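Residue numbers (the numbering used here), protein chains in the order written: chain A, 285 to 671; chain B, 285 to 671. Quick notes on the structure that follows.
There are 2 protein chains.
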Amino acid sequence: MSKPIEKSIGIVGGGQLGKMLVESAQKWNVRFNILDAKGSPAARYAEAFIEGSLTDVDRIKELASVSDIITYEIEHIDAEALLQLSKEGKRIVPSPEILLTIQDKGKQKDFYKELGLPTTKYILLDVNDIDLRKEDIEKLSGNRLVVKSCTGGYDGKGVLIIERELISKKHLSAQFKGRILIEECVENGKELSVIVARDDAGHVVTYPVVEMVFDPSKNLVDYLFAPARVSKIIEEEARRISIEAVKHLDGVGLFAVELFLDDQENLFINEIAPRPHNSGHHTIEACNTSQYEQLVRILLEYPLGNTSLHSPVVMTNIIGPPELSGDYKLIGHEDLLKVPGASLHWYNKIETRPGRKMGHFTVLNSSLEKAIDQAHLIQDKLKIVPV
Amino acid sequence: MSKPIEKSIGIVGGGQLGKMLVESAQKWNVRFNILDAKGSPAARYAEAFIEGSLTDVDRIKELASVSDIITYEIEHIDAEALLQLSKEGKRIVPSPEILLTIQDKGKQKDFYKELGLPTTKYILLDVNDIDLRKEDIEKLSGNRLVVKSCTGGYDGKGVLIIERELISKKHLSAQFKGRILIEECVENGKELSVIVARDDAGHVVTYPVVEMVFDPSKNLVDYLFAPARVSKIIEEEARRISIEAVKHLDGVGLFAVELFLDDQENLFINEIAPRPHNSGHHTIEACNTSQYEQLVRILLEYPLGNTSLHSPVVMTNIIGPPELSGDYKLIGHEDLLKVPGASLHWYNKIETRPGRKMGHFTVLNSSLEKAIDQAHLIQDKLKIVPV
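So, in structure tokens, the structure goes:
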């Protein structure tokens with residue numbers, strides 16, 4: 285029995301996003317069922333844990349059979365299985381149709397273009413046809429271009445920023461297979477993110493715009509902060525574009541819209557994740573309603589929660605170091621816990637791997653500059669080391 | 285495996301305080317073992333759940349055998365069993381010696397008196413000797429006096445405010461057994477609470493003073509808020525007295541110190557709870573470090589966290605109505621979720637009972653007055669009703 289909330293939620297995926305989703309709703313005793321590999325971060329919090337692959341149709345159906353509502357915390361899952369369940373009447377949020385669009389970065393780009401939403405200029409092609417498409421590639425501007433797999437990329441994998449003269453079948457066919465996207469690169473710009481929440485009735489709210497600072501060596505977010513250092517006009521425009529995109533997807537659920545801002549103050553929509561996102565972790569400590577609770581509210585058809593920030597905030601990912609795989613320990617977390625306003629989240633992953641997201645921390649401070657300085661000091665002390 | 289924290293915590297008691305204690309540390313993957321009756325609110329979050337009575341020595345030992353550290357979330361437990369475990373080297377926080385003092389309200393009063401801490405004038409006696417002690421009772425001032433059981437009282441039970449002429453063996457021996465405490469009543473005053481956290485090294489922090497508003501019909505806290513509406517001098521004096529009491533208890537752990545403030549601005553220490561407390565629920569939403577996380581930090585010998593409030597806050601208990609026992613449902617929680625800054629905690633109790641604490645909610649608002657108004661509006665809509 286789980287009162288006042290009787291409905292159970294099934295999550296396809298039990299990684300850190302699933303873990304924090306479950307944590308956000310324990311105050312309401314929401315029951316979660318989870319499908320993922322054994323030892324996944326969220327596994328121990330599941331009412332029913334279903335061990336299996338996220339692309340195993342039978343396991344997805346098993347999850348649905350014990351859950352009133354299905355959501356997912358990762359895009360690389362079997363969307364066709366969800367589509368079938370949806371046709372059979374299961375509540376799946378966001379809808380599998382949206383997932384099918386988003387799983388393919390080519391389809392995403394076409395969708396933005398058709399809607400007239402600003403996005404960088406691009407071409408779609410098969411990696412084997414690169415050398416035949418020289419002319420189209422010539423029409424893209426800039427010394428460097430971005431090459432992306434249309435499907436399967438994740439956490440900086442399947443994305444390459446490359447000098448235009450190095451773009452050839454010879455250079456790219458080892459790293460990329462099948463359909464790819466080549467697009468213009470926004471140089472000297474900023475990367476922004478807007479989390480959009482939209483419910484069944486079409487009510488929509490956004491979180492304050494987040495500014496992400498990338499570590500080029502890892503092609504991963506190094507740290508991010510909110511509010512973004514952008515003008516009021518850009519803040520509003522970023523929110524407007526993001527809402528527009530989610531509305532036209534007919535999106536119900538939580539969506540992270542990533543955007544570029546170039547040095548001429550032009551915004552470009554980059555891509556959308558139809559789930560809680562790394563760029564919304566900070567909402568746990570800095571907002572009345574976290575992105576995770578917000579999604580639970582939408583799943584349960586409850587009113588949307590307030591999204592305002594009560595403090596400037598920095599979020600830093602804690603990443604598995606390049607030289608270490610397997611067993612590990614964390615050091616420096618006691619230094620972190622000494623900093624007023626700092627909070628640690630650890631994902632309970634059994635093994636570290638180079639570049640793997642192992643945890644994150646947030647720092648709240650009424651001065652954003654101080655929060656960033658404190659985050660850097662903490663980052664210098666936190667280390668994942670061999671046991 | 286639970287990284288970065290390898291130690292497990294055993295909690296004697298799995299009620300709402302235990303539940304929120306566990307929830308506070310899931311971001312760190314702390315493992316908790318819990319002893320309580322089947323169906324207790326925290327049961328489903330336990331790594332090892334031990335079903336049994338909180339006064340069953342064997343079950344307490346079983347809990348200790350699987351836990352690195354022991355704490356408790358209720359005072360009515362077997363302190364002698366903990367004392368023995370402590371002598372055998374088990375880390376028990378707060379210490380069983382403190383629990384033995386606090387379990388007996390007579391010993392508590394003597395302790396404050398010996399320390400010279402302000403407390404209301406009182407006498408200790410056996411309920412059967414009331415009529416023989418008329419003269420001592422005469423020396424206590426006021427039209428009304430407070431009668432308390434020395435042991436076993438909880439949540440307003442075992443406490444009676446009574447006209448002095450009604451104090452007689454005949455009137456009281458039905459309701460009270462054994463040793464009782466009769467003390468002066470602070471009329472037209474305020475009830476305050478200070479949560480004190482003190483670690484092994486003697487570092488001590490307090491949370492901002494809370495003001496509690498009682499519902500006299502239930503003898504339970506109706507709502508409370510922070511910061512308290514008291515002068516800076518009273519705020520500091522309340523914190524000083526509370527720290528003094530905890531230091532002299534040699535207290536390590538989390539302590540809720542309840543105080544009265546009379547209309548002449550005199551403070552009196554009432555009693556101490558050696559555990560997370562109803563008057564600290566609001567710290568989950570309103571402080572960087574909640575009272576629950578603070579206790580986990582102390583248990584794990586981590587640095588104390590920052591205790592400042594980032595917003596005025598109101599907390600309201602949701603109490604089982606007088607006419608209903610057994611199965612129930614909650615209505616009105618969707619209205620609550622519409623209020624920006626309002627958060628609901630539900631304790632997952634299988635049955636409601638008259639006066640039982642079933643849940644609570646907090647409201648944050650930059651205006652304390654508005655937060656109180658909003659809390660009242662929510663309270664009017666939330667109802668526990670038959671299924």
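Heads up, the beta-carbon is just placed ideally off N, CA and C, and yes, glycines get one too. Treat the numbers as computed from the prediction; the structure is a model and nothing was measured.
In this structure, how does DSSP classify A:Thr600 when only helix, strand and coil are distinguished? Within the first sequence, the letter at position 316 stands for residue 600 of chain A. Looking at A:Thr600 - three-state DSSP - the assignment turns out to be strand.
Output the distance between the C-alpha atoms of A:Leu621 and A:Lys633, rounded to the nearest integer angstrom. Looking up residue 621 of chain A in the first sequence gives position 337. Looking up residue 633 of chain A in the first sequence gives position 349. In a straight line, the C-alpha of A:Leu621 is about 21 Å away from that of A:Lys633.
Hey, B:Gly297 and B:Ile334: beta-carbon distance below 7 Å or not? Walking along the second sequence from the start, residue 297 of chain B turns up at place 13. Walking along the second sequence from the start, residue 334 of chain B turns up at place 50. No, these two residues do not count as a Cβ contact at 7 Å.
Note down, in chain order, each residue of its chain lying with its Cβ closer than 7 Å to the Cβ of A:Glu569, except the 5 sequence neighbours on either side. Locating residue 569 of chain A in the first sequence gives position 285, counting from the first residue. Only Val597, Ser627, Thr646, Leu648 meet the Cβ criterion.
Simplified DSSP assignment, three categories, for A:Lys474: In the first sequence, residue 474 of chain A corresponds to position 190, counting from 1. A:Lys474 falls in the strand class under three-state DSSP.
Those residues which DSSP pairs with A:Ser433 across a bridge: Within the first sequence, residue 433 of chain A is the residue found at index 149, counting from 1. In the DSSP output, where bridge partners are listed per residue, A:Ser433 has A:Ile464.
If you draw a straight line from the C-alpha of B:Glu372 to the C-alpha of B:Ala363, how long is it? The residue you call residue 372 of chain B lines up with position 88 of the second sequence. The residue you call residue 363 of chain B lines up with position 79 of the second sequence. Their backbone Cα atoms lie some 14 Å apart in a straight line.
Output the boundary residues of the beta strand (DSSP E) element that contains B:Arg315. As a working note, residue 315 of chain B is residue 31 in the second sequence. Run containing B:Arg315: 315-320, per the beta strand (DSSP E) assignment.
Cβ-based neighbour list, A:Asn554, same chain, cut-off 7 Å, excluding 5 preceding and 5 following: On the first sequence, position 270 is the one that residue 554 of chain A refers to. For A:Asn554, where only same-chain residues beyond five positions count, the Cβ hits under 7 Å are Glu542, Leu543, Phe544.
From which residue to which residue does the beta strand (DSSP E) around B:Gly537 run? Residue 537 of chain B sits at position 253 when you count from the first residue of the second sequence. Where B:Gly537 is concerned, the enclosing beta strand (DSSP E) stretches over 537-545.
Proximity below 7 Å, CB of A:Ser477 to CB of A:Val489: Translated into the one-based positions of the first sequence, residue 477 of chain A becomes position 193. Translated into the one-based positions of the first sequence, residue 489 of chain A becomes position 205. It is not a contact, given that the beta carbons lie outside the stated cut-off.
Taking only three categories from DSSP, how would you classify A:Leu579? To locate residue 579 of chain A, count along the first sequence from 1; it is residue 295. Reduced to three states, the DSSP call for A:Leu579 is helix.
Would you call the CB atoms of B:Ala332 and B:Lys374 closer than 7 Å? Within the second sequence, the letter at position 48 stands for residue 332 of chain B. Within the second sequence, the letter at position 90 stands for residue 374 of chain B. Their beta carbons are not under 7 Å apart, which means B:Ala332 does not touch B:Lys374 by this criterion.
With which residues is B:Ile353 paired in a DSSP beta bridge? Against the second sequence, residue 353 of chain B aligns to sequence position 69. DSSP output for B:Ile353 lists B:Ile293, B:Arg375 as bridge partner(s).
For A:Ser286, does the three-state DSSP call read helix, strand or coil? Numbered from 1 along the first sequence, position 2 holds the residue referred to as residue 286 of chain A. At A:Ser286, the pLDDT of 49 sits below 50, so the modelled position is not reliable and the matter cannot be decided from this model.
Can you check whether the C-beta of B:Leu305 is within less than 7 Å of a C-beta belonging to chain A? Position 21 of the second sequence, counting from 1, holds the residue named residue 305 of chain B. B:Leu305 does not count as touching chain A.
Taking the continuous alpha helix (DSSP H) assigned at A:Ala510, which residues delimit it? Indexing the first sequence from 1 puts residue 510 of chain A at position 226. Where A:Ala510 is concerned, there is no enclosing alpha helix (DSSP H), although the beta strand (DSSP E) it sits in stretches over 504-510.
Give the DSSP-derived three-state secondary structure of A:Asp394 in the structure shown. Your numbering for residue 394 of chain A matches position 110 in the first sequence. Of the three classes helix, strand and coil, the one that applies to A:Asp394 here is helix, per DSSP.
Residue from B:Lys474, B:Val497, B:Val536 with nearest C-alpha to B:Thr355: Working through the second sequence from its first residue, we reach residue 355 of chain B at position 71. The shortest C-alpha separation from B:Thr355 is found at B:Val536.
What residue range does the alpha helix (DSSP H) around B:His532 cover? If you number the second sequence from 1, residue 532 of chain B lands on position 248. That run of the alpha helix (DSSP H) goes 516-532.
Excluding the 5 residues flanking A:Gly625 on each side, which residues of the same chain have their C-beta closer than 7 Å to its C-beta? Along the first sequence, one-based indexing puts residue 625 of chain A at 341. Excluding positions up to five away in sequence, the list reads Val647, Leu648, Asn649.
Is the segment 570-581 of chain B touching the segment 589-607 of chain B, taking contact as three or more C-beta pairs under 8 Å? yes
Alpha carbon to alpha carbon, how far is B:Glu607 from B:Arg665? Give it in angstroms, no decimals. Numbered from 1 along the second sequence, position 381 holds the residue referred to as residue 665 of chain B. Numbered from 1 along the second sequence, position 323 holds the residue referred to as residue 607 of chain B. The question names Arg, but residue 665 of chain B is Lys in the sequence shown. Taking the straight line joining both Cα atoms gives about 17 Å.
Minimum Cβ-Cβ distance from A:Glu618 to chain B less than 7 Å: Residue 618 of chain A sits at position 334 when you count from the first residue of the first sequence. Cβ-Cβ to chain B under 7 Å: yes for A:Glu618.
Nearest by alpha-carbon distance to B:Glu549: which of B:Glu475, B:Leu533, B:Gly294, B:Pro511 is it? As a first step, residue 549 of chain B is located in the second sequence; it is residue number 265 there, counting from the start. Of B:Glu475, B:Leu533, B:Gly294, B:Pro511, the residue nearest in Cα terms is B:Glu475.
On the CB-based measure, 16 or more other CB atoms within 10 Å of its CB, does B:Pro558 come out buried or exposed? If you number the second sequence from 1, residue 558 of chain B lands on position 274. Its Cβ being crowded by 16 or more others within 10 Å, B:Pro558 is buried.
Counting only beta-carbon separations shorter than 7 Å, does B:His566 have a partner in chain A? On the second sequence, position 282 is the one that residue 566 of chain B refers to. Output row for B:His566: interface = no.
What does DSSP give as the partner residues of B:Cys571 in its beta bridges? On the second sequence, residue 571 of chain B is found 287 positions in, with the first residue counted as 1. Per DSSP, B:Leu593.
Less than 7 Å between CB atoms is the rule here; does B:Leu621 satisfy it with respect to chain A? On the second sequence, position 337 is the one that residue 621 of chain B refers to. Interface residue, yes.
Residues bridged to A:Tyr491 [DSSP beta-bridge criterion]: As a working mapping, residue 491 of chain A is identified with position 207 in the first sequence. Answer is none; A:Tyr491 lacks a bridge partner.
Just to confirm, are A:Tyr270 and B:Glu618 a CB contact at a threshold of 7 Å? As shown, chain A starts at 285 and ends at 671. That puts residue 270 of chain A outside it, with no answer to give.
Given this structure, state the Cα-to-Cα distance separating A:Glu653 from A:Leu661, to the nearest angstrom. Against the first sequence, residue 653 of chain A aligns to sequence position 369. Against the first sequence, residue 661 of chain A aligns to sequence position 377. One C-alpha to the other measures close to 13 Å.
Determine, using beta carbons only, whether B:His360 comes closer than 7 Å to chain A. For the purposes of this step, residue 360 of chain B is identified with residue 76 of the second sequence, where counting begins at 1. Closer than 7 Å: no.
Verify whether the separation of the beta carbon atoms of B:Val505 and B:Asn601 is less than 7 Å. Mapped onto the second sequence, residue 505 of chain B falls at position 221. Mapped onto the second sequence, residue 601 of chain B falls at position 317. Yes, these two residues count as a Cβ contact at 7 Å.
Proximal residues, the segment 292-316 of chain B versus chain A, C-beta separation under 7 Å: Glu307, Gln310, Lys311, Trp312, Asn313
Can you tell me which of the three DSSP states B:Asn649 falls into? Counted from its first residue, the second sequence places residue 649 of chain B at position 365. Reduced to three states, the DSSP call for B:Asn649 is coil.
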